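A.B. asks: The letter at position 81 of the sequence shown is residue 226 when you use this note's numbering, and the numbering goes up by one with no holes. C-beta atoms are modelled at their ideal positions from N, C-alpha and C, and glycine is treated no differently. Predicted, not measured: the structure shown is a model, and the values here were computed from it. Handing you this structure, nothing more for now.
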Amino acid sequence: QVHLVESGGGLVQPGGSLRLSCAVTGITFNMWAMGWYRQVPGKQRELVASITSDGRTNYADSVKGRFTISRDNSKNMAYLQMSSLKPEDTAVYYCNVNRLGGYVYWGQGTQVTVSS
146 QVHLVESGGG LVQPGGSLRL SCAVTGITFN MWAMGWYRQV PGKQRELVAS ITSDGRTNYA
206 DSVKGRFTIS RDNSKNMAYL QMSSLKPEDT AVYYCNVNRL GGYVYWGQGT QVTVSS
């Protein structure tokens, strides 16, 4: 079975930083692309950042220069370093893994709240 578990969410003041982690089991992680998404109530889940199996990254315009996605294939872990956080970054953040053929798995999400 494939499991993804996010951690690292919480309450942070505007301008602060958080580091989200995603622990992945049940797959050969280095063969999968992965992504971080976020969702607020009443809105569609949106892509925040993605990283391919060979390390190429992509970011939503709203987080470029503030967020950094990374992965450690030796530990089956992925990370999202978030800096200069804004209230509009408040959301539930999800990690996923995906590969050609339509294979996609999701974590359960972690809440990030940016508020003073």
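According to DSSP, what are the bridge partners of L192?
C.D. replies: Looking at the DSSP assignment, L192 forms a beta bridge with Y182.
A.B. asks: Quick one: what's V157 bridged to in DSSP?
C.D. replies: Per DSSP, V259.
A.B. asks: Count the other CB atoms within 10 Å of the CB of V259; is the residue buried (16 or more) or exposed (fewer)?
C.D. replies: V259 is buried by the Cβ-count criterion.
A.B. asks: For V169, which of S152, L163, L245 has the nearest alpha-carbon?
C.D. replies: Checking every option, the nearest Cα to that of V169 belongs to S152.
A.B. asks: Give me the Cα-Cα distance between G155 and D234, rounded to the nearest whole angstrom.
C.D. replies: About 12 Å.
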